[in-house]
Structure formats: structure tokens, C-alpha cells
Amino acid sequence: MAISMIERHGSWYDIFDERGKKTKSVSENIGEIMGHSSNFFIVLKGSWYDLYDGQGKKYKSLSSNIGMFVSVSGDTFVVRKGSWLDTYDRFGKKVSSRAAR
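Just so we're aligned, residue 1028 is where the sequence shown starts under my numbering, counting upward by one.
So, in C-alpha cells, the structure goes:
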């Protein structure tokens, strides 16, 4: 099921599918949601970025030392580390780097 929206409701994050139906609720204790696409979402908890699928299941953790989160789009997300922008796929594998302007 594709993610269309994630909404905070009290101490929970509600995940909605493309039909607007709530498919899952996860506790806010997972951390701060940084962004989402239709296939995954990224959470910052302490010094870790955790990647979750549309069912709210964590499948990968990456150290926040990879950089500061910038954005998520499609099946990739971007972090800034110093003067570089690094792009990662939804599985947490770095796919490209470029100089930041």
C-alpha cells in the first residue's frame, strides 16, 4: 500500500494510504518523522535515521553522521554533509554525491 500522508494525532503517527484510509498507527516514541514518500518514511531518533515501510515496520538504521536530512522524493532521500549533497535510495544505499552550491 502506498503512503499518501502521515499525520500526528496525540502521541501517535497515523499512516494513510492513497485512498485516505488509515492503515497503521505508530507511537511517537519512534522519533521525529523527517519526511516520507509513497514507499517509505524517515525518522530521526537520537543519532540515527531509521527507515520505515508503509506498514510502519523499521527495516534499516543509518547513523546521522551521514549528514543533515534535506529532502525525500520518490524512492530517494538527500542529506547534506559539509559541502556535499549525498543521495540515498530507500534501502539506505548511497547512489550519488554532488557538490552543494
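Backbone N, C-alpha and C fix where the C-beta goes; we use that ideal spot for every residue, glycine too.
Distance check for residue j and residue i, CA to CA, integer angstroms please.
i     : j     : result
M1032 : H1063 : 8 angstroms
T1114 : K1048 : 31 angstroms
F1118 : W1039 : 24 angstroms
A1127 : S1098 : 14 angstroms
S1090 : R1046 : 34 angstroms
S1065 : I1042 : 11 angstroms
F1096 : I1069 : 9 angstroms
S1124 : E1059 : 25 angstroms
A1029 : W1111 : 31 angstroms
V1053 : F1067 : 14 angstroms
Taking DSSP's pairing of strands, which residues face residue i in a bridge?
i     : result
T1050 : Paired residue(s): none; T1050 is not in a bridge.
G1062 : I1069
F1043 : M1032, K1049
Which residues mark the beginning and the end of the beta strand (DSSP E) in which residue i is found?
i     : result
A1126 : 1121-1126
D1087 : According to the sequence displayed, residue 1087 carries Lys and not Asp. Element bounds for K1087: 1085-1090.
F1104 : 1103-1108
F1096 : 1095-1100
message: Check whether the region 1098-1105 and the region 1079-1087 touch, using three or more Cβ-Cβ pairs below 8 angstroms as the test.
response: no
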